[in-house]
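Novice: Below is a structure I'd like to ask you about.
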Amino acid sequence: MSEREEKRKATRMVLGLVAMAIFLGGVTIWGVTALVPDVLAAASAGFEPGVGLKTAAIAAMVVSIFISIIFAIVSGDGLIGELQFMIPGFFLFFLFFWLMLAWAF
16 MSEREEKRKA TRMVLGLVAM AIFLGGVTIW GVTALVPDVL AAASAGFEPG
66 VGLKTAAIAA MVVSIFISII FAIVSGDGLI GELQFMIPGF FLFFLFFWLM
116 LAWAF
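Under the working numbering, the first residue of the sequence shown is numbered 16, with each subsequent residue one higher.
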């Protein structure tokens, strides 16, 4: 193979790689522009008004009471001794569920 043929082959290879890069870049740009409206619609759904703090407080109260009752039943005969842990635990559960429900929904 002569030096001229090698240069020609290298030039063809470089041109083929450049053409492939341009094609892949065009397909990527087309795909991104096709997906942008869907991505923006999904992102804007997170900014719609949710349940609010009042509704979340009611739901958190119900969930916290239910969980506290379950814990009291499972704890067995040590209910009076564990009351000092149940009351702060209830308020921590309430605070956690209240803020998470208001934030997530």
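Glycine included, C-beta positions come from ideal geometry on N, C-alpha and C.
For Gly65, name the three-state secondary structure that DSSP assigns.
Specialist: The count along the sequence shown starts at 1 and reaches residue 65 at position 50. The answer is coil: DSSP assigns Gly65 none of H, G, I, E or B.
Novice: Taking its Cβ as the centre, do 16 or more other Cβ atoms sit within 10 Å of Ser79, making it buried, or is it exposed?
Specialist: The residue given as residue 79 occupies position 64 in the sequence shown. So Ser79 ends up on the buried side.
Novice: For Met101, report the span of its alpha helix (DSSP H) as first-last.
Specialist: Translated into the one-based positions of the sequence shown, residue 101 becomes position 86. Met101 -> alpha helix (DSSP H) spans 98-119.
Novice: Taking the CB atoms as reference points, tell me whether Met76 and Phe109 lie closer together than 8 Å.
Specialist: Counted from its first residue, the sequence shown places residue 76 at position 61. Counted from its first residue, the sequence shown places residue 109 at position 94. Yes; because the gap between Cβ atoms is below 8 Å, this pair is in contact.
Novice: Does the Cβ of Leu116 have 16 or more other Cβ atoms within 10 Å, making it buried, or fewer, making it exposed?
Specialist: The residue you call residue 116 lines up with position 101 of the sequence shown. That one is buried.
Novice: Using a Cβ-Cβ cut-off of 7 Å (strictly less than) and excluding sequence neighbours within five positions of Val47, which residues of its own chain qualify?
Specialist: Counting from one through the sequence shown, the residue named residue 47 turns up at place 32. Same-chain partners within the cutoff: there are none.
Novice: Find out if the Cβ-Cβ distance for the pair Phe105, Ser90 is shorter than 8 Å.
Specialist: One-based indexing of the sequence shown puts residue 105 at position 90. One-based indexing of the sequence shown puts residue 90 at position 75. Result no, Cβ atoms of Phe105 and Ser90 do not sit closer than 8 Å.
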